[in-house]
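Read top to bottom, the protein sequences are chains A and B. Its first residue numbered 1, the first sequence is counted upward by one per residue in my numbering. Its first residue numbered 412, the second sequence is counted upward by one per residue in my numbering. Ideal Cβ positions, reconstructed from N, Cα and C, are used throughout, including at glycine. Working notes, beginning with the structure itself.
There are 2 protein chains.
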Amino acid sequence: MARINDNYLKLQAGYLFPEISRRISEFTQANPEASVIRLGIGDVTKPLVPAVLKAFHEGVDEMSSGATFHGYGPEQGYDWLSQIIIDKAYKPLGVDLKTSEMFISDGSKCDSSNILDIFDLSNKVAIGDPVYPVYNDTNVMVGRSGQMNDAGYYEGLVYMPCTEENGFNPDFPTEKVDLIYLCFPNNPTGTVATREQLKGWVDYAIGNDAVILFDAAYEAFITDPDIPHSIYEIEGARRCAIEFRSFSKTAGFTGVRCGLTIVPEELLGTTIEGEKYSFNKLWNRRQCTKFNGVSYPVQKAAAAVYSDEGWTQVQEIIDYYMENARVIREGLSAAGIECFGGINAPYIWLKTPEGMTSWDFFDKLLNDCFIVGTPGSGFGPSGEGYFRLSAFGERKNVETAVLRIKEKWGK
Amino acid sequence: MARINDNYLKLQAGYLFPEISRRISEFTQANPEASVIRLGIGDVTKPLVPAVLKAFHEGVDEMSSGATFHGYGPEQGYDWLSQIIIDKAYKPLGVDLKTSEMFISDGSKCDSSNILDIFDLSNKVAIGDPVYPVYNDTNVMVGRSGQMNDAGYYEGLVYMPCTEENGFNPDFPTEKVDLIYLCFPNNPTGTVATREQLKGWVDYAIGNDAVILFDAAYEAFITDPDIPHSIYEIEGARRCAIEFRSFSKTAGFTGVRCGLTIVPEELLGTTIEGEKYSFNKLWNRRQCTKFNGVSYPVQKAAAAVYSDEGWTQVQEIIDYYMENARVIREGLSAAGIECFGGINAPYIWLKTPEGMTSWDFFDKLLNDCFIVGTPGSGFGPSGEGYFRLSAFGERKNVETAVLRIKEKWGK
């Protein structure tokens, strides 16, 4: 009798974004003439930059002749791509990595989900609240939790509230944990962590023999030179942290699909016999067995992001999005709506006006202003009363959206 | 204390193909002048066909303008791609599918691994012996087995020997199982299943409330019109089978990465409370949470495989590879080496001459003939004494390889 994985039935309702899509689709069918502005799901709007397009085409061209055709590539990604990323994205931070510590993938969502494969189910997991739902849901799906309780938390997982009181920077867990998910710049709150704060986490992880799963998908949006881009800028992190990076927001790869995971050689876990074992070896085995590498032309395109030309072009788009963030942040603040984030991060985390719930605000914003955002409560109970707007839209739309919100709620 | 997934330590040595790569690399470093012919890993050699290249480029071009840019796509793949595959690859077989039953992915290796996510650990699993190592290893990694015993089998998994005696077509398991992996045309033996044989499996699965995981990665190589391409050609299969397909061998996508999984709506599993639940819903949840869709230009390229032009071009290459298979099969047979497969399948499964072990033959073939193949024992204990050659090489190389083998072993 084929038994299903019953853990899936613990998950409440749909994954956040499909639910949002459903409501938008319902609205647009009822109001086909409404010009809906989407600042919700966090998808980018700007096309790929010319240097990336050129390399992408060249990669496709190479597939046209037997002499330059690429079949199965390394499951870990091509060394030349890893080396470029190390040279251009990590060395300038003072971080030295080997290519054998970098695993190219088809995106950070997959990696930050699949990473659980190499950890024993007995590990206690701490996640933020609010949090990127993937961290929460994948732990539920693998069976690390009980049911969701009335407060909206899954029994067995440790939640670290990120609130206005702690500046949306979580305190250390009050109970012993083995795995800690951190995301800076944060999705959804737009918060960043200072060097001292990250140092605190690294020391905490080493002191507690825990592993940090560090999601740096938004590091490219950091403009403050004092804010670390990588956890490996912190002494000791090679012994306690796995880092995820993505080309999705950095270079408009949401539909192209490329990301990477760093698993340092010094990072060791414990076997059931109490011996130490390399997580790098485990992740390598996982990828070799369950993954077959990233599309060759995509890897060529990804490498071009770090060419001089490509990086300049990509940086212009990042600046454009960050100007959007400023427009939203300042516009909403002027309308009397309290905003967080949007500096060093492409997300604005706003406090819903008039004490509305997140979903009420979602519906009101959609129905009255034709604007789509993401309800804070979709990211966890502490997100209730908050709302996420993304800076990835077209400037014109962003400005229109701000005007509509000002008209509706401005004093 | 971060605990590793100890199940990984049960895995013996490396995954088969990395071990082969290691030996090749050792040999070529010691013998840089040797012209090594690779008929091992099963990678294709022919470039992408013109129709696919054109669509791939067009897909990249669309990413160059805001108006045609594609960001996040559906996690399940674009409907237009699923619809084309249904219309062109399934309807002619008399198989009707909904697009909601098809999930486009970055390859069959990922899907046939990740599918285990939606099944409870308590399910008893049956796999062939020999078998594509991914089925075996992923079950070990997830904790469904004990240690490997002296015979080379992992305790707790059910192995179905595929031997000369049963025509490499396994008998039904002798104990009750819940999940059955079948691969036809088979990797590694090149065996196909007749309609009657598949009907037997479907009836068996329904009778035993089991689910068949049907790997049809090589269906495009079937030339005999009486051999089914899809398990859904068999009455009842929609209630008991998941099917995997791949563009890798069909259209030279080993480095491009695209595959698909079919989970019919009628396929139900059992919850811990004994209720029925849809595997389609579970797989959809799995993909929405842990996967972010396939690269847009890759999906455009995949759709072009099924254009009239694309299909004609792809078929020419398939014919070319199948002619290679004939050259190998007949050449080796003439040299007195017993061969199986190579008809309706791109793999030739040969009996090692002089009763050599599979790895001894591997080393001899590499050292004396500069030919790389795959040791049968790498696919399971019943593969000992056998050896897999793939038909995906260049004709010239294939002919040279056959000559070298004839010189070495021909009477």
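With 16 other Cβ atoms within 10 Å as the buried cut-off, status of residue i
i, result
"Ile591 (chain B)", "buried"
"Ser524 (chain B)", "buried"
"Lys468 (chain A)", "Residue 468 (chain A) lies beyond the residue range present for chain A, which begins at 1 and ends at 411; the question has no answer from this structure."
"Trp836 (chain B)", "This structure gives no information on residue 836 (chain B), because the portion of chain B shown stretches from 412 to 822."
"Glu354 (chain A)", "exposed"
"Lys166 (chain A)", "According to the sequence provided, residue 166 (chain A) is Asn. The question's Lys does not apply to it. The residue in question, Asn166 (chain A), is exposed, as its Cβ has fewer than 16 Cβ neighbours within 10 Å."
"Phe540 (chain B)", "Reading off the sequence shown, one finds Asp at residue 540 (chain B), where the question assumed Phe. Its Cβ being crowded by 16 or more others within 10 Å, Asp540 (chain B) is buried."
"Glu330 (chain A)", "exposed"
"Gln287 (chain A)", "buried"
"Ala55 (chain A)", "buried"
"Pro786 (chain B)", "buried"
"Leu776 (chain B)", "buried"
Residue range of the alpha helix (DSSP H) that includes residue i
i, result
"Ala59 (chain A)", "Per the sequence presented here, residue 59 (chain A) reads as Gly, with Ala not at that position. Run containing Gly59 (chain A): 50-62, per the alpha helix (DSSP H) assignment."
"Met733 (chain B)", "719-745"
"Pro708 (chain B)", "707-716"
"Ile159 (chain A)", "Contrary to the premise, residue 159 (chain A) reads as Tyr rather than Ile in this sequence. Premise fails: Tyr159 (chain A) lies in the beta strand (DSSP E), 158-161, not in any alpha helix (DSSP H)."
"Thr289 (chain A)", "279-290"
"Asp824 (chain B)", "The requested residue 824 (chain B) is not part of the displayed model; chain B covers only 412 to 822."
Reduced DSSP secondary structure (H/G/I, E/B, other) of residue i
i, result
"Asp137 (chain A)", "helix"
"Thr254 (chain A)", "coil"
"Ile20 (chain A)", "helix"
"Ala537 (chain B)", "strand"
"Ile754 (chain B)", "coil"
"Thr439 (chain B)", "helix"
"Lys98 (chain A)", "coil"
"Phe362 (chain A)", "helix"
"Ile683 (chain B)", "coil"
"Leu81 (chain A)", "helix"
"Gly376 (chain A)", "helix"
"Ser659 (chain B)", "helix"
"Leu504 (chain B)", "helix"
"Leu624 (chain B)", "strand"
"Phe119 (chain A)", "strand"
"Ser35 (chain A)", "coil"
"Ile782 (chain B)", "strand"
"Tyr629 (chain B)", "coil"
"Leu350 (chain A)", "strand"
"Ser414 (chain A)", "Because chain A spans 1 through 411 in this model, residue 414 (chain A) falls outside it and cannot be assessed."
"Ile231 (chain A)", "helix"
"Tyr543 (chain B)", "coil"
"Tyr153 (chain A)", "coil"
Limits of the unbroken beta strand (DSSP E) element including residue i
i, result
"Lys408 (chain A)", "First-last for Lys408 (chain A): 395-409, but that is the alpha helix (DSSP H), not the beta strand (DSSP E)."
"Arg650 (chain B)", "That residue, Arg650 (chain B), is in no beta strand (DSSP E); it is neither H nor E in DSSP."
"Phe595 (chain B)", "Segment: none, Phe595 (chain B) is in no beta strand (DSSP E) and carries neither H nor E."
"Val613 (chain B)", "Counting along the chain, Val613 (chain B) falls outside any beta strand (DSSP E), though it belongs to the alpha helix (DSSP H) covering 606-618."
"Ser390 (chain A)", "386-390"
"Val192 (chain A)", "Here Val192 (chain A) belongs to no beta strand (DSSP E), and DSSP marks it neither H nor E."
"Ile497 (chain B)", "Here Ile497 (chain B) belongs to no beta strand (DSSP E), and DSSP marks it neither H nor E."
"Leu260 (chain A)", "259-262"
Assumed close pair residue i, residue j - CB separation to whole angstroms, cut-off 8 Å
i, j, result
"Val783 (chain B)", "Ile431 (chain B)", "7 Å"
"Val258 (chain A)", "Asp43 (chain A)", "The amino acid at residue 258 (chain A) is misidentified as Val; the sequence shows Cys. Incorrect: roughly 16 Å between the Cβ atoms, too far for contact."
"Ser519 (chain B)", "Phe655 (chain B)", "5 Å"
"Ile405 (chain A)", "Leu332 (chain A)", "6 Å"
"Asp589 (chain B)", "Ala631 (chain B)", "About 30 Å separates the two Cβ atoms, so there is no contact after all."
"Val460 (chain B)", "Ile728 (chain B)", "7 Å"
"Ile529 (chain B)", "Phe690 (chain B)", "6 Å"
"Lys610 (chain B)", "Ile642 (chain B)", "Actually they are not in contact, since the Cβ atoms of Lys610 (chain B) and Ile642 (chain B) sit about 10 Å apart, beyond 8 Å."
"Leu97 (chain A)", "Ile222 (chain A)", "Going by Cβ atoms, the distance from Leu97 (chain A) to Ile222 (chain A) rounds to 19 Å, so no, they are not a contact pair."
"Tyr565 (chain B)", "Lys421 (chain B)", "7 Å"
"Gly647 (chain B)", "Ile617 (chain B)", "6 Å"
Can at least three beta-carbon pairs, one atom from the segment 346-354 of chain A and one from the segment 100-108 of chain A, be found at a separation below 8 Å?
-> Taking a contact to require three or more Cβ pairs closer than 8 Å, the segment 346-354 of chain A and the segment 100-108 of chain A do not qualify as touching.
Any 3 or more C-beta pairs closer than 8 Å across the segment 429-439 of chain B and the segment 792-802 of chain B | no
Sufficient close CB pairs (3 or more, under 8 Å) joining the segment 580-599 of chain B to the segment 610-628 of chain B = yes
The segment 477-488 of chain B in contact with the segment 54-65 of chain A per 3-pair CB rule at 8 Å = no
Quick one, which residues of the segment 659-670 of chain B are near chain D if we go by CB-CB under 7 Å, in chain order?
-> In summary, chain D is missing from the structure at hand, where the protein chains are A and B.
Specify whether the segment 149-168 of chain A and the segment 531-545 of chain B touch according to this definition: at least 3 beta carbon pairs, one from each stretch, less than 8 Å apart.
-> Look at the beta carbons and you see the segment 149-168 of chain A not touching the segment 531-545 of chain B: under three pairs across the two are nearer than 8 Å.
Taking 8 Å as the threshold, find out whether the segment 295-313 of chain A comes into contact with the segment 77-94 of chain A through three or more Cβ pairs.
-> yes
Please confirm if the segment 2-10 of chain A is in contact with the segment 670-686 of chain B, defined as three or more CB-CB distances below 8 Å between the two stretches.
-> yes
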